[in-house]
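Below: one structure, written as structure tokens.
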Amino acid sequence: MMRRSGVQLAFQFIPKVFSGVENAGVDLSSIVTLPLAELSKRIRDGSLQPDAVLHAYMEKALEANRKLNCSTAVLTESLKQLEDIESHKDGLLYGIPISIKDNLDYEGYDSTCGVLTKLDDPAVKDSVVVSVLKKQGAIPFIKTNIPQGLLNYECSNPIYGRTVNPCNVEKTCGGSSGGEGALIAGGGSILGLGSDLGGSVRIPAAFCGICALKPTNNRISLHGLSSSVKGGKTALTAVGPMARDVESLALCMRALLCPDMFTLDPTVPPIPFNQQVYESSEPLRIGYYESDGYFQPSPSMSRALLETKELLEKAGHTLIPFNPLRTFTAFHEFVLRGNVADGGATLLQHFKKGPVDPSLKHQVLYCAYPLFGKRLVSLLLRPISPRMAASIHAVCGVGGVEELWKQHNEVQVYIHETIAEWRKLELDVLLCPMLGPAYNFNYTGKQSSALSYTALYNVLNFPAGVVPVTEVTAEDEDQLKHYRGYFGDGWDKTFVEAVRGGVGLPIAVQCVALPWQEEMCLRLMREVEKLCAENKCSNTQH
Numbered sequence: 001m002m003r004r005s006g007v008q009l010a011f012q013f014i015p016k017v018f019s020g021v022e023n024a025g026v027d028l029s030s031i032v033t034l035p036l037a038e039l040s041k042r043i044r045d046g047s048l049q050p051d052a053v054l055h056a057y058m059e060k061a062l063e064a065n066r067k068l069n070c071s072t073a074v075l076t077e078s079l080k081q082l083e084d085i086e087s088h089k090d091g092l093l094y095g096i097p098i099s100i101k102d103n104l105d106y107e108g109y110d111s112t113c114g115v116l117t118k119l120d121d122p123a124v125k126d127s128v129v130v131s132v133l134k135k136q137g138a139i140p141f142i143k144t145n146i147p148q149g150l151l152n153y154e155c156s157n158p159i160y161g162r163t164v165n166p167c168n169v170e171k172t173c174g175g176s177s178g179g180e181g182a183l184i185a186g187g188g189s190i191l192g193l194g195s196d197l198g199g200s201v202r203i204p205a206a207f208c209g210i211c212a213l214k215p216t217n218n219r220i221s222l223h224g225l226s227s228s229v230k231g232g233k234t235a236l237t238a239v240g241p242m243a244r245d246v247e248s249l250a251l252c253m254r255a256l257l258c259p260d261m262f263t264l265d266p267t268v269p270p271i272p273f274n275q276q277v278y279e280s281s282e283p284l285r286i287g288y289y290e291s292d293g294y295f296q297p298s299p300s301m302s303r304a305l306l307e308t309k310e311l312l313e314k315a316g317h318t319l320i321p322f323n324p325l326r327t328f329t330a331f332h333e334f335v336l337r338g339n340v341a342d343g344g345a346t347l348l349q350h351f352k353k354g355p356v357d358p359s360l361k362h363q364v365l366y367c368a369y370p371l372f373g374k375r376l377v378s379l380l381l382r383p384i385s386p387r388m389a390a391s392i393h394a395v396c397g398v399g400g401v402e403e404l405w406k407q408h409n410e411v412q413v414y415i416h417e418t419i420a421e422w423r424k425l426e427l428d429v430l431l432c433p434m435l436g437p438a439y440n441f442n443y444t445g446k447q448s449s450a451l452s453y454t455a456l457y458n459v460l461n462f463p464a465g466v467v468p469v470t471e472v473t474a475e476d477e478d479q480l481k482h483y484r485g486y487f488g489d490g491w492d493k494t495f496v497e498a499v500r501g502g503v504g505l506p507i508a509v510q511c512v513a514l515p516w517q518e519e520m521c522l523r524l525m526r527e528v529e530k531l532c533a534e535n536k537c538s539n540t541q542h
């Protein structure tokens with residue numbers, strides 16, 4: 001909160017800078033309503049100038065920030081970028097303003113991760129993705145808010161405060177790329193980059209009603225990505241795009257997967273975007289599941305999945321039941337224990353300086369509790385609440401190098417078991433539920449179990465994206481009265497409290513492909529988006 005005024009001061013400075021630009025007769029408010037493809041076309045044909053577009057988005061971002069508190073810094077260097085923007089006219093994102101998550105390094109700015117220990121430590125150079133965006137003609141112009149320490153899916157921290165949901169300001173926008181989700185859904189950005197370790201681009205996209213893609217780990221460079229906990233090899237992070245539609249995600253992937261990225265970061269496999277796979281219209285064999293058997297989906301999640309399945313079948317695709325393997329073990333042993341293999345010690349170092357955000361108090365308490373106490377509580381809980389007992393035991397971390405190596409090996413076995421099941425069913429892609437609707441405040445720290453729908457694919461390292469398909473109905477809300485969950489424990493009870501009051505909020509589905517097949521994942525996402533739009537139009541006409 002102490003830094004919020006700085007963002008406002010920077011924005012107040014912007015209109016003065018633009019007072020002399022040649023925007024006479026241009027309706028800046030109409031610019032921010034254009035789809036990315038149309039905006040790009042108009043910039044290229046000269047009917048819109050890059051300075052007018054940047055000005056329009058800066059003004060809209062200010063408006064969104066006042067309402068949503070979604071920004072951490074205005075990148076005033078973006079104004080200097082305009083001076084030689086013509087030299088990047090061949091770039092796929094020429095003249096497009098882009099927002100970036102706080103933890104993506106931009107020279108001269110902090111990548112705080114929402115913790116006081118990372119304040120006043122500006123990046124010495126741009127991250128690889130920021131460098132590539134600039135080479136492609138894009139103009140990174142704003143950094144967006146995150147939760148404290150990043151390992152949470154609410155968006156609040158002691159430095160910048162809480163970001164709220166543009167669909168309903170009494171709800172969370174999700175996290176950890178929550179500022180991105182809120183800014184894009186609020187109209188203040190047309191394209192953004194976030195990062196995803198357990199659902200961190202997918203959850204805010206789903207909560208705010210936009211699209212997002214979590215690629216395979218290292219399909220997009222991670223060099224220059226800040227974190228509070230580095231070194232984990234069990235659940236893997238990915239940098240991914242967030243936007244209003246699937247075509248914008250595909251354009252961003254095409255732009256990033258270029259020789260510049262492969263040169264700047266030789267650890268990234270030099271695999272360019274396969275446009276042919278993305279644009280194919282051949283019928284697909286699509287696996288699907290309504291539930292992962294670990295966490296009962298909300299009524300709106302189930303309905304969204306089944307309605308989308310029906311639309312895909314009517315369009316000529318083949319839908320085949322698929323059962324996620326060993327979700328209970330995978331979630332506790334790989335997701336939870338993998339993210340806190342050190343018992344949470346590294347994360348806790350960042351919380352020693354300053355207060356803990358209210359949304360994180362339960363998580364921090366679990367980590368900070370003495371090891372003996374955690375083991376004892378886990379043992380006592382096992383007969384009455386096996387899921388919560390297993391989670392507390394997982395937060396104990398691994399016992400040593402031997403156990404860590406064993407965990408890494410077990411993850412590889414799990415990945416290949418899942419791929420073998422996928423191959424046996426001859427699947428192209430997978431359709432599955434996406435967490436929703438957006439939560440009430442301060443529930444995410446009490447609801448780590450709900451991450452089973454997203455974090456599983458960070459362990460498997462499969463690309464996964466989300467597409468909004470429907471909204472919560474009054475009937476969905478009414479059916480929450482009958483929600484019991486699979487375990488009847490505290491998590492099942494608090495989930496109902498977390499999602500209550502969600503009528504009208506967006507609900508998404510999740511699309512998944514095998515590693516390095518982002519184009520196939522996007523292809524299913526595009527098909528879902530198209531069929532849902534046609535269905536909505538048809539229902540409106542009737």
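Under UniProt numbering, the first residue of the sequence shown is numbered 1, with each subsequent residue one higher.
No residue lacks a Cβ here, since even glycine has one placed at the ideal position from N, Cα and C.
Taking the Cβ atom as the reference point for each residue, do Val-130 and Leu-256 lie within a distance shorter than 8 Å? Within the sequence shown, numbered from 1, the residue matching residue 130 stands at position 130. Within the sequence shown, numbered from 1, the residue matching residue 256 stands at position 256. Against a cut-off of 8 Å, the Cβ pair of Leu-256 and Val-130 comes out as no contact.
Please report the residue range of the beta strand (DSSP E) in which Leu-236 lies. Here residue 236 corresponds to residue number 236 of the sequence shown, with the count starting at 1. No beta strand (DSSP E) contains Leu-236, which DSSP labels as neither H nor E.
Please confirm whether Phe-441 and Thr-144 have their CB atoms less than 8 Å apart. Sequence index remark: in the sequence shown, residue 441 carries index 441 (1-based). Sequence index remark: in the sequence shown, residue 144 carries index 144 (1-based). No, the Cβ-Cβ distance between Phe-441 and Thr-144 is not below 8 Å.
Under 6 Å Cβ to Cβ from His-223, same chain only, skipping five residues before and after it: list those, please. One-based indexing of the sequence shown puts residue 223 at position 223. The answer, listed in chain order, is Val-128 and Asp-265.
Is the beta carbon of Leu-385 sitting closer than 8 Å to the one on Asp-489? To locate residue 385, count along the sequence shown from 1; it is residue 385. To locate residue 489, count along the sequence shown from 1; it is residue 489. Reading the sequence as shown, one finds Ser at residue 385 and not Leu. A contact, by the Cβ cut-off of 8 Å.
Could you tell me whether the Cβ atoms of Ala-235 and Asn-458 are closer together than 8 Å? The count along the sequence shown starts at 1 and reaches residue 235 at position 235. The count along the sequence shown starts at 1 and reaches residue 458 at position 458. Yes, they are a contact pair.
Considering Cα atoms alone, identify which of Gly-186, Leu-133 and Leu-119 is closest to Glu-63. The sequence position of residue 63 within the sequence shown is 63, counting from 1. Nearest C-alpha to Glu-63: Gly-186.
Among Tyr-57, Arg-44, Lys-67 and Ala-37, which has the Cα closest to the Cα of residue 544? What is shown of the chain runs 1 to 542, which leaves residue 544 out entirely.
Under 6 Å Cβ to Cβ from Gln-363, same chain only, skipping five residues before and after it: list those, please. Within the sequence shown, residue 363 is the residue found at index 363, counting from 1. Result list for Gln-363: Gly-445, in chain order.
Could you tell me whether the region 447-454 touches the region 288-299, using the rule of 3 or more Cβ pairs below 8 Å? yes
Could you tell me which residues DSSP pairs with Arg-285 in its beta bridges? Translated into the one-based positions of the sequence shown, residue 285 becomes position 285. For Arg-285, which the question treats as bridged, DSSP gives the partners Thr-318.
Taking just the CA atoms, how far does Leu-380 sit from Ser-71? Position 71 of the sequence shown holds residue 71. Position 380 of the sequence shown holds residue 380. Their backbone Cα atoms lie some 44 Å apart in a straight line.
Local Cβ density within 10 Å of Pro-324, reported as buried at 16 or more and exposed below that: Taking the sequence shown and counting its residues from 1, one reaches residue 324 at position 324. Classification for Pro-324: buried.
Pairing CB atoms from the region 361-378 with CB atoms from the region 395-406, are three or more of them under 8 Å? yes
For Trp-405, is the classification buried or exposed, using 16 other Cβ atoms within 10 angstroms of its Cβ as the cut-off for buried? Counted from its first residue, the sequence shown places residue 405 at position 405. Trp-405 is exposed by the Cβ-count criterion.
Taking the alpha carbon of Ala-52 as the reference point, which residue from Val-26, Ala-508 and Glu-107 has its own alpha carbon closest? Within the sequence shown, residue 52 is the residue found at index 52, counting from 1. That would be Val-26, whose Cα lies nearest to the Cα of Ala-52.
Can you list, in chain order, the residues of its chain whose CB lies under 7 Å from that of Arg-285, leaving out five sequence neighbours each side? Reading the sequence shown from its first residue, position 285 is the one you call residue 285. Same-chain partners within the cutoff: Thr-318, Ile-320, Glu-426, Leu-427 and Asp-428.
So, under 8 Å CB-CB, Leu-430 and Glu-471 are touching, yes? Tell me the CB distance rounded to an integer number of Å. As a working mapping, residue 430 is identified with position 430 in the sequence shown. As a working mapping, residue 471 is identified with position 471 in the sequence shown. With 8 Å as the limit, Leu-430 and Glu-471 do not qualify as a contact, their Cβ atoms being about 24 Å apart.
Quick check on Lys-67: does DSSP put it in helix, strand or coil? For this step, residue 67 is matched to residue 67 along the sequence shown. Correct three-state label for Lys-67: helix.
In whole angstroms, what is the alpha-carbon distance linking Leu-524 and Cys-511? One-based indexing of the sequence shown puts residue 524 at position 524. One-based indexing of the sequence shown puts residue 511 at position 511. Roughly 7 Å separates the two Cα atoms.
For Gln-81 and Glu-59, I'd like the C-alpha separation in whole angstroms. Locating residue 81 in the sequence shown gives position 81, where the first residue counts as 1. Locating residue 59 in the sequence shown gives position 59, where the first residue counts as 1. Approximately 18 Å, taken between the alpha carbons.
Identify whether Lys-135 lies in helix, strand or coil by the three-state DSSP scheme. Locating residue 135 in the sequence shown gives position 135, where the first residue counts as 1. In this structure, Lys-135 counts as helix in the three-state DSSP scheme.
Residues in the same chain with beta-carbon distance under 8 Å from His-88, minus the five sequence neighbours each way, listed in chain order, please. The residue you call residue 88 lines up with position 88 of the sequence shown. Here the set comprises Tyr-94, Lys-134, Lys-135, Gln-136 and Gly-137.
So, using beta-carbon positions, are Phe-334 and Val-411 closer together than 8 Å? For this step, residue 334 is matched to residue 334 along the sequence shown. For this step, residue 411 is matched to residue 411 along the sequence shown. Their beta carbons are under 8 Å apart, which means Phe-334 touches Val-411 by this criterion.
Have a look at Leu-225 and Ala-304 and give me their C-alpha separation to the nearest angstrom. In the sequence shown, the residue the question calls residue 225 occupies position 225. In the sequence shown, the residue the question calls residue 304 occupies position 304. Distance between the alpha carbons of Leu-225 and Ala-304: 34 Å.
If you reduce the DSSP assignment to three classes, tell me which class Ile-142 lands in. Residue numbering aside, residue 142 sits at position 142 when the sequence shown is read from its first letter. Note: Ile-142 maps to strand in three-state DSSP.
Just list the alpha helix (DSSP H) runs in the region 371-411, keeping only unbroken ones of 4 residues or longer that don't cross its boundaries, in chain order. 371-381 and 386-394
Label Asn-65 either buried or exposed according to how many other C-beta atoms from any shown protein chain fall within 10 Å of its C-beta, with 16 as the threshold for buried. Looking up residue 65 in the sequence shown gives position 65. Buried is the call here.
Measuring straight from C-alpha to C-alpha, what distance separates Glu-154 and Leu-28? Position 154 of the sequence shown holds residue 154. Position 28 of the sequence shown holds residue 28. Computed Cα separation, rounded: 32 Å.
Residues near Ala-341 by beta carbon distance below 8 Å, same chain, minus five either side: Counting from one through the sequence shown, the residue named residue 341 turns up at place 341. Closer than 8 Å at the Cβ level, and outside the excluded window around Ala-341, lie Gly-232, Thr-234, Gly-397, Val-398, Leu-404 and Gln-407.
If you measure between the beta carbons of Ser-228 and His-416, is that distance less than 8 Å? Along the sequence shown, one-based indexing puts residue 228 at 228. Along the sequence shown, one-based indexing puts residue 416 at 416. No; because the gap between Cβ atoms is not below 8 Å, this pair is not in contact.
By the three-class DSSP mapping on this structure, what secondary structure does Ala-123 have? The residue labelled residue 123 in the question sits at position 123 within the sequence shown. Coil, per DSSP.
Residue environment, Glu-22, which counts as buried when at least 16 other CB atoms sit within 10 Å: Here residue 22 is taken as the residue at index 22 of the sequence shown, counted from 1. Residue confidence is low: Glu-22 scores 47 on pLDDT, short of 50, so the model does not pin down where it sits. Its coordinate-derived value is still stated next. Glu-22 should be labelled exposed.
Can you tell me the Cβ-Cβ gap for Gly-149 and Val-115, rounded? I've got them flagged as a contact below 8 Å. Reading the sequence shown from its first residue, position 149 is the one you call residue 149. Reading the sequence shown from its first residue, position 115 is the one you call residue 115. That belief holds up - the Cβ atoms of Gly-149 and Val-115 are roughly 6 Å apart, short of 8 Å.
How about Pro-35 and Ile-43: do their beta carbons lie closer than 8 Å? Here residue 35 corresponds to residue number 35 of the sequence shown, with the count starting at 1. Here residue 43 corresponds to residue number 43 of the sequence shown, with the count starting at 1. Against a cut-off of 8 Å, the Cβ pair of Ile-43 and Pro-35 comes out as no contact.
From Cys-252, Tyr-369 and Gly-465, residue whose alpha carbon lies closest to that of Ala-345: As a working mapping, residue 345 is identified with position 345 in the sequence shown. Out of Cys-252, Tyr-369 and Gly-465, Tyr-369 has the C-alpha closest to the C-alpha of Ala-345.
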